[in-house]
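Protein chains in written order, with this note's numbering: chain A, 1 to 327; chain B, 1001 to 1374; chain C, 2001 to 2328; chain D, 3001 to 3513. C-beta atoms are modelled at their ideal positions from N, C-alpha and C, and glycine is treated no differently.
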Amino acid sequence: GCTERTDGGGGGGEGDAGGNGGDEQVTVAFVPKIQGIPYFEAMNTGGQAAAEEIDGLEWLYQGPTTADPAEQTDIVRSLIQQQVDVIIVAPNDPDSMAPVLQEAQDAGIHVATSDTDAPSSVREVFVSQASAQGIGEYVVDTLVEAMGGSGQFAIVSCGETAENLNTWIEVEQEYTESEYPDVEITEVVYAGEDQARATEMATDLMNANPELNGLVGQCTTSAPGVAQAVRDAGRIGEVFTVGVGTPQSMVPYLEDGSSSGSILWDVEHLGYLTAWAGVQLARGEEFQAENDVSEDITGVTFDEETKELLLGPPLVLTEENASDFDY
Amino acid sequence: MSPTGNERPGQATSDRTPTGEPASAGPHAEGVGGRVLRALLTQRLVLLAVLVVLVVVVMFALDAAGRLSASYNFDYMSAVLINAVPLTMLALAELVVIVSGRGGIDLSVGSIVSLAGMFFGFAYGLWGWSLPLALAATVVVGGLLGAVNGVLVAYLGFPPLIATLATYYAYWSLALVVNAQRPINSPPIQGLYDLSRTVELPLIGPYVPLVPFGVFLFLLPTVVVVWILVSRLLYGRSLYAIGTNDVAAMWAGLDVRRTRAWAFVVSGAISGLVAVVTVSQFASARPDAGTAGNGMALPAITIAVLGGVAITGGIGRVAGVVLAALLVVWLDAGILLLVAGNIASQVQLLALGVILVGAALLNGVTSRRYGLST
Amino acid sequence: MIGALRRRERILPPPVTGQEIVLVGVIAVIWVLLTLLTPAFGSADSIQPLLVRLAPIGVMAVGMTLVIVSGGIDISVAASLMVCSVVTAKLLVGTGLPMLPALAVSVALGGLLGAVNGLLIAYGRVHAIIITFGTANIFQFIGLRIFDSQTVNNIPATFAFLGRGEAGRTLEVPHSFVLMLLIVAVAWWYVRHAASGRHYFAIGGDQASARLAGIPVERRVMSAYVVTGALVGLAACMTLAGGTATLDQNVGVGQELAVIAAVVIGGTSIMGGRGSVLGSVLGALLVQTVRSGVTQLGWPSQLANLFVGLFIVIAVGTDLVRERRRRR
Amino acid sequence: MHTVAETPLLTLSGVTKRFGGVQAIRHADLTLLPGQVHAIVGENGAGKSTLIKILSGAEQLDDGTITFDGAETHVRGPSGAIDLGIATVYQEAQLFGELTVAENIFVGREIRRRGRVDWVEQNRQVVELLGRLDLPASLATREVSTLSAAEQQQVSIAKALSRDARVLILDEPSAILTQAEIEVLFTAIRRLAEQGVAIIYITHRLDELFSIADVVTVMRDGSTLGTYELAEMDVRRIAELMVGGEILEGRHDREPAGGQPRLALSGLTSAGRFEGIDLTVAAGEVVVLYGLVGSGVAEIASAVYGVEEITGGTLTLEGDSIRPRSPRHARSLGINLLPANRKLGGMFTFQSVAFNISVGNLGVFRRLGAWMDRGRERGVARDLIARLAIKTPDERTPVGSLSGGNAQKVVLARQLVERPAVLLLAEPTQGVDIGAKEEIHLIVSELADAGTAVLVTTSDLGEAIRIADRLVVIREGRVFAEFPARARQSEVLAAAAGQRDDVDGPGSGEVAS
Ligand SMILES: Nc1ncnc2c1ncn2[C@@H]1O[C@H](COP(=O)(O)OP(=O)(O)OP(=O)(O)O)[C@@H](O)[C@H]1O
Ligand SMILES: Nc1ncnc2c1ncn2[C@@H]1O[C@H](COP(=O)(O)OP(=O)(O)OP(=O)(O)O)[C@@H](O)[C@H]1O
Ligand SMILES: [Mg+2]
Ligand SMILES: [Mg+2]
């Protein structure tokens, strides 16, 4: 025998996962889609804040350098090896994540998803920032208002295969159809995680269709991208943009009006909530229908059969409130 | 071909040192000790082997010293092997193409993985073909996609870089549109994940670590087949011949075009197999499986080059590529345990870069010192 | 008189290569078709941004042409671009540096990174592809460390002069495009008429012989990479100019392929010894045209790459056929 | 022979050089007088190239001294040599395919005017230079990649002459030149010698020494044996000094087994290259096609081998008509060819000797369908290494590290793996030393004796006369004259030589592209 068999780390993990109670050390590891973008770094900040306040919580944060599902699974595998108590993932590709989460659970580790769900997986809870419905409708409402209730707009999305973006887009399409008869979505283009490309495409869209008076930047990289395009084309006030963008990156555009608003939620709170949820799982405590997580995160609803924790309604970032956030 | 062109054999690059198949060092009389040292310094294979051992030993030492956030043991080493499967297989595909010479290189492998993967998704996941049938068909599809490169390069005279760049873009698009950029993850596909589960070997099972099933099912067979192909079959001879000097190969009565075209077919077929591997690993056929992030082609070429494959053609060994892959995978796995947080993935980049440059420089400088280059 | 001229022409190396003519033809056809299909394409509003986004690729392609003609290759341009742009961006935010100094810093930094490649390749005598694969990883590490897992926010519009906006144009002509043309012109003259410029073809043709002919091979190879690096530094500024007020780590991803593609489509032999600066820029223009064409036609953007691939085959294939005819 | 000044221009004493394990030069002394044409001869691997590489700064000596103009000097790199006034024409043409002839001649030392290359001036000088070598001015602006091997060789010589050198080194310049071109070269050399330039001339063609050189230095495995006035020497003595022993002379007498023609060309034509060639080769017969480079000899052989396109006439093997489509097809018919340009068309430089031998007949080593029978390969390789007396440590050695003569034998061995019905030999002993040449000729006769039909194309008259059972002179792509065995040199030369009109003719075609 040349090896002490550890079943990929299960033995130990089983131990502390099972006999949990009181407030002994709990290690919660969070794996973002990609490191180094403000959105997830802000979630990390929130998680660290939680680690400060909730005693016994150790917060790990480790993400891939590119939004690559393979690299992400490698990291989860190393976390399994490290026998952490809870692994929470924001999967780049829900399906590819499912099997690895299964592995983690077999190794006696609690698993959950945050920001993006992996419905088909064994995750015990999904920490949701805001319902797809909520986000999609907020985006459309804000944009159509800016557009003055009528016109045409196009959507500049990012990864062609990004699950959550695609569901938001579907909501937006249906909602516009039903609510705003004289507003039309001309097309949906995909710029990858590339700001410059997003700007290029937005520019081309505006040139191709002079009627176009609205643009949606569907993700945090394309939100400033489309605004920049409008600014460069000198068509502020003619073409309006709304995006899902982080405050700091949107401030300049909100100020000069090239962006009419950015739909987001308090990302740091999302991070905090994620960490908190991890602790609950590790300590085997049930979620209530309404949870008060910390003094400024209250009324977090939990849906029993979808096993979703919902942070709350999204917020609309404007010139006024955007600069209050430091990410 | 210009009679003074770079292709003239015997160029002054370290890649030209005869570390490749099948010739070894020149006629130099010297002592045993000298020969060993010389082998270490001038032959990529030996150097890589030493480096692999070094990495493992260092990691075990760090582990013993409690510097790692988890134990770096044989189980972990074999568990991460699953990450090596696609990369190594594609690196072998590049080996075959690069050895064929004339600037041979295949940028399209990643896109072929995506496109063939989608085909497999349809065949096995939706059309309900049997696994063996779907698998075989996918490999064939991969081969056909590679054949396009082969025809463009060998028969129409496109530079390999151009031909495969074009198909890289084209296949990428096709993979996205065939299923309206949605992945395929029907139950049969999800069931496939077992293929990349770890299994206990028969007989010796209890004594050795669990090894990912995929390693046996896909990697080892590919390694063996490619090794047989390039160093035991007649085809291998023609391959190295055209890669070394295709004018001479023509005069020697070899079918240069056919041999070169087949190199791309082989590369495509391997990519097709990799497609099945990734689908099973992700339990989902993803339209961007081979193109997400930085794509699969460049990393594969990197491994091949690190493995001692000379981009000038005619030189390269299967063993070198496999060692290079093991080196990278085990090093990366160690770094994930050694370094915490975001920096880990970044340090992996640094390590790979340093090893690439270091190994090349060492081999290059020393082989000149030993007067191997003509 | 005419005769004399013609003889003089024959003495000089050919001013434009066949591939260049082919490319001009193909691009012209595409432009005409696009203008017919979507009148907007012909408008200044659509051409200007096209030229602006062409500039950085074109500038880098000039350097890459030198490198490939001299028998090498540089995989590390994308990573260098990342390092240069993040450093420059942080400078702009931190110190509010004016344009020219910032430009100088970026170019110098790029040159430095190029020098690293140059040293290792010229004096380490290892094939460029291995070295630059390695340095690409190392530079990327450096860049990511400087990003330190954050985006650079609120970048001032210091480079608006090179940008897509009003400030980036005089008489409706984008400055960055003019700058690119300038560089192309200089490079074109240099490789055609300057002795040291001709040396790159000799080195790429047969390094050993070039050395025996008394050409300072190491110096030339070295400078090829330094120049490329410096131009990448410039391209970094153009990228910042064309980008948003935030810079994230994705900057430069995939650029190495884009640039190499442009050069090889332009008729430069990847084996070295043969190539042309003009062709490289045309190659870049072809790709950019196709990309924006697909979006402007309102075709699904996922198809863009398919057409890029097709047109690469068409452009290069046409030249191959032409060559074969010429041989007969 | 003109007289030469007595004060040495250049002296080498006690020079040694080793490459890794190989002692390339053990001990070399050399004294070079101004205006002297100084030949260096020696077997392949004797150290000639290395010696001149040291003089031209391409390699640095390990030990010993170089005295130039009475002062001890160190040659610092190629440019250092050029500064001293030492110009070299290397064995393999050191030209750049994508550059024009004019550019090639001035590369590295371009004439500059206001920072740019002065094309007009360069061109003027080149045209004048080409004139001196009786080369057409039109050559100046051609791209080198479009020139024939011979033309390229002449360009490199022009290049060397263009530097007003005090020492001119020529390493086997004549190897691929025609008789006529050699004459032009010799005139140029003599003219330079008159002007006091010292010339070092390396060759394997001993006979030509007597028409050009004043003295000859003989090298044997890395050492100079001494320097001799050619007046007091003859080919035989030089040869014996080189190999260090007795060597056979003249042709090996054998009875050409005439009878049924095995290979027959009738009216064979390849537009623009050769036409109406009627020729037969019987089993056991050695037929030599003698013709100057560009006369079409080479193309005839490659046409039979399926490389050159046949546009007319018929080709029959054993009576039935054939039309080889490719070398592959030709070999399947039992027709093998030894390519003329060893480096370009023959050697797989960094692959093993065994690889180089087996690669031409992979079918022979087929086992179980597609497998390579490596045991068989090893056996066959060892067998042929012994049969052809190839000097190599073992069959795993890279062929690139063998000397030209031995490399050539390896490529020849490739053709003998299976006894061919017809063996075509293109310039079989080009750049090969007299010892190896001797052996190769012997092998050829033995093959014929064993019933192979041998067709040799060569531009080396001595060789032609030596091995021919029938000697056919090709000129301007036509059969021009035919001679029986033991033809007289003078007659054959009369038939073939003295023509200049073939320089601009179709390229030598030895270089397949
Ligand atoms: N680059 C090299 N590396 C190692 N050994 C070398 C090298 N060049 C020459 N040698 C050794 O030096 C010996 C002499 O080489 P050299 O080229 O001088 O022979 P040569 O007389 O020119 O032969 P040939 O007539 O074939 O040109 C060779 O036998 C070889 O063993
Ligand atoms: N890398 C090397 N290692 C060992 N020997 C070498 C090497 N390169 C050249 N040589 C030696 O140099 C000698 C001459 O090399 P060279 O290439 O000049 O021969 P060649 O030109 O093929 O023969 P020839 O001069 O007769 O045509 C040969 O004897 C060969 O053994
Ligand atoms: Mg020699
Ligand atoms: Mg030689």
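Item                                                                                                                            : Value
Members of the segment 1236-1249 of chain B near chain D, C-beta cut-off 8 Å                                                    : G1236, R1237, S1238, Y1240, A1241, T1244, N1245, V1247, A1248, A1249
Nearest residue (CA-CA) to V1279/B, options G1243/B, P1188/B, L1336/B                                                           : P1188/B
Rounded C-alpha distance that separates L60/A from P32/A                                                                        : 11 Å
Nonlocal neighbours in the same chain, by C-beta distance under 8 Å from L311/A, ignoring five residues either side             : V127, S128, Q129, A130, W265, D266, H269, L270, L273, I297, V300
Contacting residues, own chain, Cβ-Cβ under 8 Å from V1052/B (five flanking each side not counted)                              : L1323, L1326, L1327, W1330
Partner residues on chain B for Y61/A, Cβ-Cβ distance less than 8 Å                                                             : G1341, N1342
Contact set between the segment 3088-3113 of chain D and chain C, restricted to residues whose Cβ is under 9 Å from the partner : T3088, Y3090, E3092, A3093, Q3094, L3095, F3096, G3097, E3098, L3099, T3100, A3102, E3103, N3104, F3106, V3107, G3108, R3109, E3110, I3111, R3112
Whether V3218/D touches L3185/D by CB criterion (8 Å)                                                                           : no
Per-residue contacts from V2281/C into chain B (C-beta, under 9 Å)                                                              : Near V2281/C there are no residues of chain B at all, since even the closest Cβ is about 17 Å away, more than 9 Å.
Runs of alpha helix (DSSP H) lying entirely within the segment 129-180 of chain A, each at least 4 residues, in chain order     : 132-147, 163-179
Beta-bridge partners of E3128/D, as assigned by DSSP                                                                            : In the DSSP output, where bridge partners are listed per residue, E3128/D has none listed.
Beta strand (DSSP E) segments (min. 3 residues) lying fully within the segment 244-301 of chain A                               : 262-264
Rounded straight-line distance, which links the Cα of V3492/D to that of H1028/B                                                : Bear in mind that a pLDDT of 44 at H1028/B, under 50, signals an unreliable position, so the number given afterwards is only what the model happens to contain. Whole-angstrom Cα-Cα distance: 46 Å.
Beta carbon proximity, W1330/B to chain C, threshold 8 Å                                                                        : no
Euclidean distance between Cα positions of V1230/B and L1152/B                                                                  : 23 Å
Chain-order list of residues whose beta-carbon lies under 7 Å from that of A2122/C (same chain, five-residue window excluded)   : E2218, V2221, M2222
Proximal residues to E3098/D (C-beta, below 7 Å), its chain only, five neighbours per side dropped                              : E3143, S3145
4 or more residues per run - each alpha helix (DSSP H) lying fully within the segment 203-233 of chain A                        : 222-232
8 Å Cβ cutoff, A1079/B in contact with chain A                                                                                  : yes
Length of the line joining the Cα atoms of D3502/D and G3291/D                                                                  : Note on D3502/D: pLDDT 37, under 50, position unreliable in the model; no value is reported.
CA nearest to the CA of R1286/B, picked from F1120/B, V1058/B, Y1072/B, A1065/B                                                 : F1120/B
Interfacial residues, the segment 86-104 of chain A to chain B, with Cβ spacing under 7 Å                                       : D93, D95, S96, A98, P99
Any C-beta of chain D under 8 Å from that of G2110/C                                                                            : no
Contact set for G1371/B: own chain, Cβ-Cβ below 6 Å, skip 5 residues either direction                                           : Interpretation of G1371/B is limited by its pLDDT of 48, a score under 50 that renders its predicted location unreliable; no figure is taken from the coordinates.
Rounded separation between G2163/C and Y2200/C - CA only                                                                        : 33 Å
Given P210/A as reference, the closest of A154/A, E160/A, S259/A once Cα atoms are compared                                     : A154/A
Distance CB(L3009/D)-CB(D3069/D) smaller than 8 Å                                                                               : yes
N- and C-terminal bounds of the beta strand (DSSP E) containing I3199/D                                                         : 3198-3202
Min CB distance V3117/D to chain C below 8 Å                                                                                    : yes
Expected contact under 8 Å - CB spacing of N1054/B and L1062/B to nearest Å                                                     : Checking the displayed sequence, the identity of residue 1054/B turns out to be Leu instead of Asn. 12 Å between Cβ atoms; not a contact.
Other residues of its chain near F2147/C: CB distance less than 6 Å, five sequence neighbours each side excluded                : V2086, Q2249
Own chain partners of I2027/C with C-beta closer than 7 Å, once the 5 adjacent residues on each side are dropped                : L2282, L2285, L2286, T2289
Proximity below 8 Å, CB of T3050/D to CB of G3014/D                                                                             : no
Proximity below 8 Å, CB of N1149/B to CB of G1307/B                                                                             : no
Chain C within 8 Å of I1315/B, Cβ atoms only                                                                                    : no
Near-chain A residues of the segment 1117-1131 of chain B - C-beta to any C-beta below 9 Å                                      : none
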